[in-house]
Amino acid sequence: MTLGHIMFYVLGAGGVASALLVVTRRNPIISALYLIVNFFCLAGLYLTLNAQFIAVIQIIVYAGAIMVLFLFVIMLLNLGDDRKLSDAITVRKVVGAGLTLGLFMEVLYILLTAGPADSERAEAAGIALGTVEAIGAQLFTTFLFPFEVTSLILTAAIVGAVVMAKKKLD
Amino acid sequence: MVPIPYYLVLSAAMFMIGAVGVLTRRNAIIVFMSIELMLNSVNLTLVAFSVATGTITGQVLVFFVMTVAAAEAAVGLAIIIALYRRKQTVNLDEINILKW
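Residue numbers (the numbering used here), protein chains in the order written: chain C, 239 to 408; chain U, 223 to 322.
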């Protein structure tokens with residue numbers, strides 16, 4: 239039981255618990271706050287995999303930018319009182335949850351019987367794998383074109399968001 | 223080091239929790255948050271495989287997934303605001319003009 243194992247179990251339990259709370263809470267603001275907890279747990283899990291760059295980006299982009307957007311919209315629409323959205327247990331919900339549970343069991347079965355073998359050889363290379371330097375070198379050479387296309391997606395998203403949220407929709 | 227299949231099982235569990243949220247909740251914003259949960263758990267799978275194979279490609283892909291997720295969140299929340307202006311609700315059962 240090394241420190242890495244303890245970190246994995248603590249962060250994994252935290253991640254699953256906060257994900258469950260996101261899905262089950264009635265008030266969207268509380269859901270959003272638990273989603274932030276979930277993002278931080280995931281950032282910790284990335285750190286246990288030596289993916290420092292992804293961990294930092296996770297906190298900056300998800301916990302920083304996207305969650306501010308979510309909370310802003312929730313408060314703008316004043317959705318605090320969620321009682322009108324009935325949460326009675328219907329047939330549809332039971333079927334949905336049951337199907338998902340079945341799918342999870344299938345994935346679990348596949349992973350436990352034919353999962354990928356744990357590679358010890360990659361561990362030595364893993365330390366240097368997730369640094370900003372390593373990712374940047376790949377991003378600006380091999381993946382330069384997708385990286386440039388990314389800017390196009392972001393521009394389209396900005397224009398789309400402005401057009402959608404305009405006062406007059408016509 | 224924690225074996226890679228542990229990460230895959232954890233990621234599958236979080237993906238399924240997100241899927242349950244999408245299927246069962248009727249509040250558009252909570253459905254949106256569940257989609258973010260699913261995107262995040264897939265990111266965890268990508269990073270785990272990247273470390274398992276010793277290649278960086280998976281982590282670069284996570285970078286692109288995050289970009290798309292940010293764009294999706296911005297446009298999606300704008301759609302929710304526009305819908306709320308027209309219908310005064312975010313209940314997905316009442317937003318059914320594309321259903322028949």
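Note that beta-carbon positions come from the ideal geometry of N, C-alpha and C, so glycine has one too.
What ranges does the alpha helix (DSSP H) occupy inside the stretch 273 to 304 of chain C, keeping only unbroken runs of at least 4 residues that lie completely in it? 290 to 295
Could you say which of C:Leu314, C:Met245, C:Val329 and C:Thr338 lies nearest to Val244 of chain U if we only look at CA atoms? C:Thr338
Proximity test, Cβ basis, 8 Å: Leu230 of chain U and chain C: yes
What is the DSSP secondary structure of Asn262 of chain U, counted as helix, strand or coil? helix
Would a C-beta distance cut-off of 8 Å place Gly398 of chain C and Val297 of chain U closer than the cut-off? yes
Relative to chain U, which residues along the stretch 284 to 307 of chain C have a C-beta separation below 8 Å, given in chain order? Tyr284, Thr286, Leu287, Asn288, Ala289, Phe291, Ile292, Ile295, Gln296, Val299, Tyr300, Ala303, Ile304 and Leu307
Span of the alpha helix (DSSP H), counted from its first residue to its last, around Pro384 of chain C: Leu382 to Met402
Among C:Phe383, C:Val401, C:Ile396 and C:Leu392, the one whose alpha carbon lies nearest that of Thr289 of chain U: C:Leu392
With a CB to CB cut of under 8 Å and the five nearest residues on each side skipped, what residues in its chain are close to Met255 of chain U? Gly243
Any heavy atom of the ligand PLP closer than 7 Å to the beta-carbon of Ile244 of chain C? As presented, the structure is devoid of all ligands, the ligand PLP included, so that no description of it is given.
Which residues of chain U have a Cβ atom closer than 9 Å to the Cβ of Gly368 of chain C, listed in chain order? Val269, Ser272, Val273, Ile278 and Gln281
Could you list which residues in chain C have their beta carbon closer than 8 Å to that of Val297 of chain U, in chain order? Ala395, Gly398, Ala399 and Met402
Output the distance between the C-alpha atoms of Arg359 of chain C and Phe285 of chain U, rounded to the nearest integer angstrom. Only weak support is given to the placement of Arg359 of chain C: the predicted model assigns it a pLDDT of 49, under 50, and the value that follows is read from those uncertain coordinates. Their backbone Cα atoms lie some 25 Å apart in a straight line.
Assigned exposure category for Leu299 of chain U - 16 Cβ within 10 Å defines buried: buried
Option nearest Asn313 of chain U by Cα separation, candidates U:Asn265, U:Asn249 and U:Val264: U:Asn249
Determine the direct distance from the alpha carbon of Phe385 of chain C to that of Phe310 of chain C, and round the result to whole angstroms. 29 Å
Is there contact between the stretch 268 to 278 of chain U and the stretch 328 to 344 of chain C, where contact requires at least three CB pairs shorter than 8 Å? no
Opposing strand residues paired with Asn249 of chain U [DSSP bridges]: U:Asn313
Per-residue burial, Asn316 of chain C [other beta carbons within 10 Å of its own, 16 or more giving buried]: exposed
Could you tell me the distance, in whole angstroms, from the CA atom of Leu268 of chain U to the CA atom of Leu283 of chain C? 12 Å
Is the Cβ-Cβ distance between Val260 of chain C and Leu283 of chain U less than 8 Å? no
Whole angstroms are fine: how far does the CA of Arg307 of chain U sit from the CA of Glu344 of chain C? 42 Å
Count the other C-beta atoms from every protein chain shown that fall within 10 angstroms of the C-beta of Arg330 of chain C, then say buried if there are 16 or more, exposed otherwise. exposed
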